[in-house]
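Worksheet for the structure shown next.
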Amino acid sequence: MSLAIEVNQLRKSYRNREVVKGVDLAIRQGELFALLGPNGAGKTTVVEMLSTLILPDGGTAQIGGCDVVKEAAAVRGKISLTGQFAALDEGLSGFENLAMFAKLYGYSWKEARGLADELLAAFGLEEAKYRLVEQYSGGMRRRLDIAASVLAQPEVIFLDEPTTGLDPQSRLQVWEVVRSLLKQGTTVLLTTQYLEEADRLADRIAVLDEGRIIAEGTPRELKAAVGGKTLTIRLKEQVALEPYIRLLADDYGLHITRDEEDPLLIRVPSPDERLASRAIQTLMDHQCPVVEFALSEPSLDEVFLSLTDARNKEAVS
78 MSLAIEVNQL RKSYRNREVV KGVDLAIRQG ELFALLGPNG AGKTTVVEML
128 STLILPDGGT AQIGGCDVVK EAAAVRGKIS LTGQFAALDE GLSGFENLAM
178 FAKLYGYSWK EARGLADELL AAFGLEEAKY RLVEQYSGGM RRRLDIAASV
228 LAQPEVIFLD EPTTGLDPQS RLQVWEVVRS LLKQGTTVLL TTQYLEEADR
278 LADRIAVLDE GRIIAEGTPR ELKAAVGGKT LTIRLKEQVA LEPYIRLLAD
328 DYGLHITRDE EDPLLIRVPS PDERLASRAI QTLMDHQCPV VEFALSEPSL
378 DEVFLSLTDA RNKEAVS
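Residue numbering for the sequence shown is 78 to 394, as defined by the working numbering.
Structure (structure tokens):
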């Protein structure tokens, strides 16, 4: 499959501080690629360079085969950008905003009104059609903003932290909108600091930390890279763990840790189901008050913490 976005050694500095340090990306057409990282990692700076808002200091980037520096006008014709703050006129209704944007894109008034109606229905805003945008909730504004981006029928949409500051229900509504874009074959580059968001939506994820890509792959591949699964055990009552820690360490080489927030919850990293089953049976044979247990893959939170912790240790050494 051909690439929608190709980035090689992209760099950017501000006041002698390098904030993007040689980023490489290869994003296929029609996929949702998440750029995941904490605040200050460089995610927005990468998006600003790819969307031609700022110039890179080094490296190259192409959108649909067009260079973001040498062919910036052609790139702008292929993309749309939805940032963290909605680019809408709050004194107009949702319908008026979309009709106005459509007219600016060159549609006739008749076509513009038809497209506005179509998108309001598609994005679940039909009932708020004539309501002023200043009366919209945060989630409604974000959906309307994404709808405005779709008007240009872009090949690539950049969604820069589209759910920041939204309540859980509004976040779910935006996720549904993002999924609808993929059904249309649009390539989506999503930046986010929410691990659950990347896990639920992304085909592939790149983890950006201090301006560098420190890991890349599908959610499953990133979780597998951490290694093994985790056996989570809930106890009936709080007990001294020391005897059981020694037991599993001596018999199976497993290490028990107690959940810091829930003293009745313990965790045992386990490489496979058979070993986890034997560990549970051993605990119960020695009167450990087990109520329930589950074996699960590591979460993206654990992946991210593992990656950044390893990076911090490398920096210290």
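Where a beta carbon is used, it is the ideal one built from N, C-alpha and C, also for glycine.
Since the model is a prediction, treat every value here as computed from it, not as a measurement.
Opening and closing residue of the beta strand (DSSP E) in which residue 86 lies: 80-91
Quick check on the DSSP output: the alpha helix (DSSP H) that includes residue 190 runs from which residue to which? Note, residue 190: alpha helix (DSSP H), 186-199.
Would you kindly work out how many angstroms separate the C-alpha atoms of residue 384 and residue 291, rounded to a whole number? 7 Å
Below 7 Å CB to CB, which residues in the same chain sit around residue 97 once its five sequence neighbours on both sides are set aside? 87, 88, 89, 119, 122, 123 and 288
Check each candidate in 343, 342 and 357 and name the one with the smallest Cα separation from residue 349. The shortest Cα separation from residue 349 among 343, 342 and 357 belongs to 357.
Any idea if residue 117 is buried or exposed, counting beta-carbon neighbours within 10 angstroms, 16 or more meaning buried? Label assigned to residue 117: exposed.
Mind checking which residues open and close the alpha helix (DSSP H) that includes residue 250? Annotation for residue 250: the continuous alpha helix (DSSP H) segment containing it runs 245-260.
Looking at the structure shown, is residue 276 part of a helix, part of a strand, or coil, going by DSSP? helix
Roughly how many angstroms separate the alpha carbons of residue 106 and residue 315, rounded to a whole number? 53 Å
Check whether residue 147 and residue 233 have beta carbons under 9 Å apart: no
Applying the 10 Å Cβ sphere with the 16-neighbour rule, what's the burial state of residue 131? exposed
Starting from residue 291, trace the beta strand (DSSP E) in both directions and tell me its first and last residue. 289-294
Going along the chain, which residues of its own chain have a beta-carbon closer than 6 Å to the beta-carbon of residue 377, five neighbours each way excluded? 272 and 276
With a threshold of 16 other CB atoms inside 10 Å of the CB of residue 218, please say whether the residue is buried or exposed. It counts as buried.
Report all residues from its chain with a CB closer than 6 Å to the CB of residue 259; omit the five preceding and five following residues, and keep chain order. 109
Three-state secondary structure (DSSP) of residue 316: coil
Would you report the Cα separation of residue 308 and residue 336, rounded to the nearest angstrom? 12 Å
List the endpoints of the continuous beta strand (DSSP E) containing residue 236. 233-237
Closest residue to residue 225 among 84, 311, 319 and 159 (Cα-Cα distance): 159
Please identify the residue among 177, 239, 216 and 251 whose C-alpha is closest to the C-alpha of residue 229. 177
Residue closest to residue 169, alpha-carbon to alpha-carbon, out of 211, 138 and 137: Of the candidates 211, 138 and 137, 211 places its Cα closest to the Cα of residue 169.
9 Å Cβ cutoff met for residue 239 and residue 157: no
Residue of 221, 81 and 205 minimising C-alpha distance to residue 165: 221
By Cβ distance, which residues of its chain are closer than 8 Å to residue 367, with the 5 residues on each side in sequence left out? These residues qualify, in order along the chain: 310, 311, 312, 313, 357, 360 and 361.
Straight-line CA distance for residue 82 to residue 235? Take the alpha-carbon of residue 82 and the one of residue 235: they are about 11 Å apart.
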